[in-house]
Each structure stands twice: as C-alpha cells, then as structure tokens.
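Here is the structure we will look at, set down as structure tokens.
Residue numbers (the working numbering): 765 to 968.
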C-alpha cells in the first residue's frame, strides 16, 4: 500500500463514521458502507484490510476506535525509499552547496514524495520515489488549491526552468503547490496530481 492510498482509506473511514453519527436512515448508511468497502478493497486486498472493514461495519464505531485500527493498517504502507544525502547531492549535482535536511525526523510511511524548502535561496527541492530530482523557485503564500494534493492549503507559486535556448533564453513553467510538503503528503489521496505537476515542471 502506498502512503497516498492509506490517506484515502483514512478519509473514507472518517467520512463513513460521520455518516454513522449523523444519518438515521438505515438504507443510506448501508449504501455508504458498501461504497466504502468497494473503494477500499480496490486499494488493497490484504487480510488486515478485510479485518478492518469488518470492524468498522459496526455503526457504533467511534473515530477514536477507528484511529487505533488505522494505526495497525499503517504497518502495510511501503516506506518511501529516500536516497542517502550523498545520493541526493548527486541527483542535484548542478546545484552548488546543496543543503539536505536531516532525514531522521521524517516518517517515510507518510511520504509519496520528498521535498524541502531552502529559505535562503527561495527554492523548493523535490525527490520522487523513482529517484528523480526537481527544483524551482517559490514566491508568496496564499490560501488556494494545491496542484499536488488537490486540497485547499497555504500554497506558494513554484516555477522551474523547463527549457534553455542556445541563445541564453529560457522558459519557466509551474503552478501553486503547498508551502508545507509534509502536510501535502498527508493530504494526498491520489497520485495523479503529483504526476501532472511533474509533467508541467520537467525539462523539455
């Protein structure tokens, strides 16, 4: 299970529990549960997930009980395979004096991508699960929808150089993404937003 798939399961679970405690119509509750089961089973067929779905079938399930069960499901999440500091420096070999943040404080089971802000240069660096590296400049901070996680957050305009001409000209492309990439990872429920964003900012 990927981190973003786990996030999706969490969202669906809490949405279901909200229905349990706010909707009185039994048929509606059963329909929402069936829909929740169908979508979660598409994400994972693991026995632990099946057991989890049986436990949350009880309409008296509380959010606290679900949170405890979800912690057990987190064991199924594949941790992000973060390259070492020296490998990251090789990925960004064109960048002089690259400052890579300490990795010990990051929960790799919460990451679909790894990114950090370099305040001094107003840059954000991004490393993907397949070992590619991207970086660009960031400017400003407003409340808007992030292109990666598709949620409303504090976002910044990210611009990357995507094409360099032989005459010294260059083209920049970008969009708005979360200022806080850790929170962005926690909010991701699908991979398509990240894939589309990387397509926009890749070098031509």
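Think of the CB as a built atom: it goes at the ideal place given N, C-alpha and C, for glycine as much as any other residue.
Asked, Found
"DSSP-derived helix/strand/coil call for residue 895", "coil"
"Straight-line gap, residue 898 to residue 793 (C-alpha atoms, nearest Å)", "45 Å"
"8 Å Cβ cutoff met for residue 852 and residue 864", "yes"
"For residue 817, the three-state DSSP class (helix, strand or coil)", "helix"
"Supposed contact pair residue 771 and residue 953 - C-beta distance, whole angstroms, cut 8 Å", "5 Å"
"Exposure of residue 891, with buried meaning 16 or more beta-carbon neighbours within 10 Å", "buried"
"Alpha helix (DSSP H) segment containing residue 784, residue limits", "767–784"
"Outcome for residue 945 when other beta-carbon atoms lying within 10 angstroms are tallied against a minimum of 16", "buried"
"Nearest-angstrom Cβ-Cβ length linking residue 887 and residue 900, presumed shorter than 8 Å", "7 Å"
"6 Å CB neighbourhood of residue 914 in its chain, flanking five on each side removed", "957"
"C-beta atoms of residue 921 and residue 895 nearer than 8 Å", "no"
"Residue 877, buried or exposed, once every other Cβ within 10 Å from all chains shown has been counted against 16", "buried"
"Close-in-space but distant-in-sequence residues of the same chain around residue 856 (CB under 8 Å, 5 per side omitted)", "862, 889, 897, 899"
"4-residue-minimum alpha helix (DSSP H) runs that sit fully inside the segment 848–930, ordered along the chain", "849–855"
"Residue from 927, 902, 767, 818 with nearest C-alpha to residue 941", "902"
"Secondary structure of residue 788, DSSP reduced to three states", "coil"
"Residue 955 (DSSP reduced to helix, strand or coil)", "coil"
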